[in-house]
Structures are given as C-alpha cells and as structure tokens.
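For reference, the structure is listed below as structure tokens.
Number of protein chains: 2
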Amino acid sequence: MLGVVRIFQPVHGYDVRRELLSWHLDGWMNTKTGSVYSALKILEKDRLITGTALAGEPGRPERTEYVVTAEGEKEFQKLLRTSWWQVKRPAEPLVPALSLMLFMSRGELKSALGARLKQLAAQRDELAFIRASIEDGATGADGDVPEHVREVIDFGDSRIKGELEWTRSFLKRLNEGTYSFADERNMDGHPRPPDTIDARRKSL
Amino acid sequence: MLGVVRIFQPVHGYDVRRELLSWHLDGWMNTKTGSVYSALKILEKDRLITGTALAGEPGRPERTEYVVTAEGEKEFQKLLRTSWWQVKRPAEPLVPALSLMLFMSRGELKSALGARLKQLAAQRDELAFIRASIEDGATGADGDVPEHVREVIDFGDSRIKGELEWTRSFLKRLNEGTYSFADERNMDGHPRPPDTIDARRKSL
DNA sequence: CGAATTATAGGCAAATTTGACTATCGACGT
DNA sequence: ACGTCGATAGTCAAATTTGCCTATAATTCG
Numbered sequence: 001m002l003g004v005v006r007i008f009q010p011v012h013g014y015d016v017r018r019e020l021l022s023w024h025l026d027g028w029m030n031t032k033t034g035s036v037y038s039a040l041k042i043l044e045k046d047r048l049i050t051g052t053a054l055a056g057e058p059g060r061p062e063r064t065e066y067v068v069t070a071e072g073e074k075e076f077q078k079l080l081r082t083s084w085w086q087v088k089r090p091a092e093p094l095v096p097a098l099s100l101m102l103f104m105s106r107g108e109l110k111s112a113l114g115a116r117l118k119q120l121a122a123q124r125d126e127l128a129f130i131r132a133s134i135e136d137g138a139t140g141a142d143g144d145v146p147e148h149v150r151e152v153i154d155f156g157d158s159r160i161k162g163e164l165e166w167t168r169s170f171l172k173r174l175n176e177g178t179y180s181f182a183d184e185r186n187m188d189g190h191p192r193p194p195d196t197i198d199a200r201r202k203s204l
Numbered sequence: 205m206l207g208v209v210r211i212f213q214p215v216h217g218y219d220v221r222r223e224l225l226s227w228h229l230d231g232w233m234n235t236k237t238g239s240v241y242s243a244l245k246i247l248e249k250d251r252l253i254t255g256t257a258l259a260g261e262p263g264r265p266e267r268t269e270y271v272v273t274a275e276g277e278k279e280f281q282k283l284l285r286t287s288w289w290q291v292k293r294p295a296e297p298l299v300p301a302l303s304l305m306l307f308m309s310r311g312e313l314k315s316a317l318g319a320r321l322k323q324l325a326a327q328r329d330e331l332a333f334i335r336a337s338i339e340d341g342a343t344g345a346d347g348d349v350p351e352h353v354r355e356v357i358d359f360g361d362s363r364i365k366g367e368l369e370w371t372r373s374f375l376k377r378l379n380e381g382t383y384s385f386a387d388e389r390n391m392d393g394h395p396r397p398p399d400t401i402d403a404r405r406k407s408l
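What follows is the structure, encoded as structure tokens:
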C-alpha cells in the first residue's frame, strides 16, 4: 500500500510490515509478508516511489529505503479520495456458506450460530482491549499508535455488531422452523413442525 | 466454489457463472469470469469433481460438464462446516483509507461521508428490491431463486446498517472538531476549535 | 559461556486471479 | 438477405499473491 510508505517514508519493507501490525490493520487487510516486497517493487516500477540501497552499517548491507515521488504523491491523493468517495462492498466469507445452508442440519446450524455469537463477542472484547491501549491525544510522532486508529477499531466493531444482530435474528427464525433442511425433507416438501412435537413422537 | 457444483450438478462453467449471478452472490464474492474455469480445473485435478466433454449437439462441441465425486462430497461437507463454525474477518476496503484519513481535509472528509451515507442507503434500497423479487416458499426446484437466499440479503443488510451507524457517529465526531487534520496543523499541534469560531474569524 | 529463540531483512517458485480476448448461434430489425 | 447485438462457452498470457525459505544480529536463559 502506497499510503503506508507515504506516512513513514523513508521506509524499507520490514518497516511497512511492522507498522501494519502495530496499527492492527492486519486483521482487516489481507497483507501477507511476501506481498509487501512485491508491492514495493511494483510501485517502484511504476515510478511512484524510488528506492535507495543502503549499505552503511556493519553487517546489514541488504536494505532498500523507499520514498514517494511527486507522481506518487499525486496518485496517492487520487487513490485516497476515491476510496473515501466510493463505497466498495467487501467479500463476505460467510456468504458462500450461507447460500449452502440447506446442506447442513438444522441442529448443527443452530449450534454453529451459537458458537459464532461467542466468537463475535470475544472479538469485540479484543477490540475494546486494543482500543484502550491507544493513548489519548497520541499523534504517532513517537513510536505510538495515533489516536485516529480508534476509528478503525470502531468501524470494525460496528460491522461486528451488525453481524451479531443478524445472527440472533437468524437463530430465532431457525427456532421457529423456517426453511426445510436436507435432513427434514418429506413427501410434501414442507418443513417439519417444531421440536416439541418431534420430541413427543420420539417418546412413543 | 465446490458448493455451486454440488447444488447444480451436472454443470459446466457457464452455468456456474449464471447461477452465481442469479442468486446475486457476485456482490459479496469476488468471482470474475475467468476464475470460474480455473477453479473447476483445480477441483478436477484434486479429484473432487470429474468432467465429461460433451460434443453431442450441432455447433457446440466445446463444453465440459462436471459432477462431484465421493471424495468431493466429503470435502464439501468439511469446508461447509468449517465456514459455519469459524468466524473469519473479511478484508474491509475502507480500512486503508481510514488509516490515512488525516491526509484529507476535514471538509472533504465530511462531504465524502455524506456521499457514503447516500450510497449505503441506495444499496439498502436495492437489496430490498431484490429481496422482494424472491417468491415465498420458492425451493429453487424450477429456475427460481430459493427462499433462503433472503438470508444472504438480510446478512448483507445488517452489515450495511452497522456501517451506517458508524458513519453517522464518525461524522458527529468530525463536526465536534475531533482530530487534527493535515490542513489544520498549527504550532501547538492541537486541533482547531470547531467551526463556529472559524466562521467568526473568517468574517473579520 | 553457549544454545536457543526472537527480531531484522528480504527472496522466490508455485499457485491463483485478472481481464481481455475468441468463436458460434439465434434473434432482431431493415 | 445482411449486419448487429446479446447470449452462450470457454481460453490464455500477464499480473498478483501465497507460503515458505535464507541469513544475520540481538536477546534470553539455564
């Protein structure tokens, strides 16, 4: 990401990785270690940044520091502004599974949703913890995480709240017997009546 | 995606694309035309599906139909269940821009957020429209979209609601003068007082 | 001290995705 | 009868990403 270089320049690849981690952006972007270096190379090829090989210090000759060029600065502003002005839908990892939900059994699906509720709650706790570790008025001038990174946390938290709400309402619908699952299909194609009656039948 | 083949088998590549579109999954998954065919080839290589070349009909000899193997069925169940039991965080496209927000001006950011609110509202309207086009009790047996696809819509709608809430609260914070933007930095490094005072100063 | 682990720095082959392209058939208007 | 447009069906090179690998300094720990 061009922006990271823009903030921390001059930087080398390892710095970029480190800062992405320290701002806790790794959970919301898919940036693996390897892709940082190739991204930098591509940016350099496109003349948006320029790299200088640093040999200086004793045993560490292999290090390339990058700075943003004038062209890169222009491109950066353009990218930043379109990111803000244009809403882009993220790829939701649950959607494929959701489309295939009828291949599960109603019982397992309910259990899985319960597990998801717990995991989502745990994620929110973790976010709260990270948020609390950001100092009031931090500017990022020292090595610290600047205050506005809290917005990243809050943004994520809101999305999770949204998913929590949907999960609860979906669970309610499942309990009411909505939909006909793979293990419930009988002649007429209607869903089976809810659990109480099933249980009675079983006890016969 | 293995699952799509599982539902519609036997299918060929073009079918897969068509069904993904008809279920409106394209907005939440990143599946471009080309990737469908390579995905099918990989699944075939791994023996999860088997393809049969169909020449039959007049002018269209090039067509390969796929069915899921026994192994593929097992793998399918495994993938489906881990997708449900394990919450995975999506890559949020706004997060990079959010981290770089201080490189914007407060004014433009507020305008952009206003535009986002409108776009998000429009997306919800569109989702409502699609949702309404799904018939009650549809099973997907004919060419229609099965009823449970509504859950996909509702899931997405909840995420959007979450983003809407955050956007409004962020806008409020911006109006209160929180954070110090690139165009607002003065000696002491503190944010400027809120708009009212700015306006007064301007009128002098 | 010496060994093991962690932090620093980066490379690269293989897998995957992208996006633009080819080619045929049928329907439609003119 | 002809050109065009959209739907059908799929290919492929180039761009990108992934995972795992190398190597040295620094730090920890019994």
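Those protein sequence lines, which keep their order, are chains A and B. Mapping the first sequence onto this note's numbering, position 136 (from 1) lands on 136, and the numbers just tick up by one. Mapping the second sequence onto this note's numbering, position 71 (from 1) lands on 275, and the numbers just tick up by one. Just so you know, even glycine gets a beta-carbon here, dropped at the ideal spot from N, CA and C.
Under a three-way DSSP split, which group does residue i fall into?
i, result
"A:Ala91", "coil"
"A:Thr139", "coil"
"B:Ile364", "helix"
"A:Gly51", "strand"
"A:Val36", "helix"
"A:Glu65", "strand"
"B:Val215", "strand"
"B:Asp348", "coil"
"A:Trp85", "helix"
"A:Asn30", "coil"
"B:Ser303", "helix"
"A:Glu184", "helix"
"B:Gly318", "helix"
"A:Ser169", "helix"
"B:Ile338", "coil"
"B:Gly207", "helix"
"A:Gly177", "coil"
"B:Ser309", "coil"
"A:Leu25", "helix"
"B:Asp402", "Its pLDDT being 38, under 50, B:Asp402 is placed unreliably in this model, and the coordinates cannot settle the point."
Would you verify that the beta carbon of residue i is, or is not, closer than 8 Å to some beta carbon of chain B?
i, result
"A:His12", "no"
"A:Val68", "no"
"A:Ala91", "yes"
"A:Ser22", "no"
"A:Leu171", "no"
"A:Val16", "no"
"A:Lys74", "no"
"A:Glu176", "no"
"A:Lys45", "no"
"A:Glu71", "no"
"A:Val87", "yes"
"A:Gly51", "no"
What residues in its chain sit with their C-beta under 8 Å from that of residue i, if we drop five residues either side in the sequence?
i, result
"A:Thr167", "Leu113, Arg116, Leu117, Leu120"
"B:Trp232", "Val356, Gly360"
"B:Trp341", "According to the sequence provided, residue 341 of chain B is Gly. The question's Trp does not apply to it. Only Glu351 meet the Cβ criterion."
"A:Val149", "Trp23, His24, Ile134"
"B:Glu248", "Thr254, Gly255, Tyr270"
"B:Ala386", "Leu306, Phe307, Met308, Ser309"
"B:Leu331", "Ile357, Gly360, Asp361, Ile364"
Measure from the C-beta of residue i to each C-beta in chain A and report whether the shortest distance is under 8 Å.
i, result
"B:Glu269", "no"
"B:Leu284", "yes"
"B:Glu388", "no"
"B:Arg347", "The question names Arg, but residue 347 of chain B in the sequence shown is Gly. Cβ-Cβ to chain A under 8 Å: no for B:Gly347."
"B:Glu351", "yes"
"B:Glu266", "no"
Please return the same chain residues whose Cβ sits closer than 6 Å to the Cβ of residue i, not counting the five positions on each side in sequence.
i, result
"A:Leu164", "Leu120"
"A:Leu171", "Leu113"
"B:Arg267", "His216, Leu258"
"A:Gln9", "Val67, Val68"
"B:Gly276", "Leu252, Ile253"
Ignore the nearest five residues each way along the sequence and tell me which others in residue i's own chain have a CB closer than 7 Å to its CB.
i, result
"A:Leu174", "Arg106, Leu109, Lys110"
"B:Val349", "Ser226, Trp227, Ile338, Ala342"
"A:Arg17", "Thr33, Val36"
"A:Arg124", "Asp157, Ile160"
"A:Asp26", "Leu20"
"B:Asp219", "Phe212"
Legend entry - Touch test, the region 333-344 of chain B against the region 302-314 of chain B, Cβ-Cβ under 8 Å, three pairs minimum: Three or more Cβ pairs closer than 8 Å define a contact, and the region 333-344 of chain B falls short of that threshold against the region 302-314 of chain B.
Legend entry - Members of the region 228-243 of chain B that neighbour chain A once the beta carbon cut-off is set at 8 Å: For the region 228-243 of chain B, which is checked against every Cβ of chain A, the residues closer than 8 Å are Leu229, Gly231, Trp232, Met233, Asn234.
Legend entry - Residues of the region 119-135 of chain A whose Cβ lies closer than 8 Å to any Cβ of chain B, in chain order: Gln119, Leu120, Gln123
Legend entry - Against chain A: residues of the region 298-320 of chain B by CB proximity under 9 Å: Leu298, Val299, Pro300, Ala301, Leu302, Ser303, Leu304, Met305, Leu306, Phe307, Met308, Glu312, Leu313, Ser315, Ala316, Leu317, Ala319, Arg320
Inset, instruction - Can you give me, in chain order, the residues of the region 353-367 of chain B that have a beta carbon less than 9 Å from any beta carbon in chain A? - result: Look at the region 353-367 of chain B: the residues with a C-beta under 9 Å from a C-beta of chain A are Val353, Glu355, Val356, Asp358, Phe359, Gly360, Asp361, Ser362, Arg363, Ile364, Lys365, Gly366, Glu367.
Legend entry - Three-pair Cβ contact test at 8 Å for the region 72-90 of chain A versus the region 294-301 of chain B: With a cut-off of 8 Å, the region 294-301 of chain B and the region 72-90 of chain A count as touching, because enough Cβ pairs lie within range.
Inset, instruction - Examine the Cβ distances between the region 68-81 of chain A and the region 2-16 of chain A and report whether three or more of them are shorter than 8 Å. - result: A contact exists between the region 68-81 of chain A and the region 2-16 of chain A.
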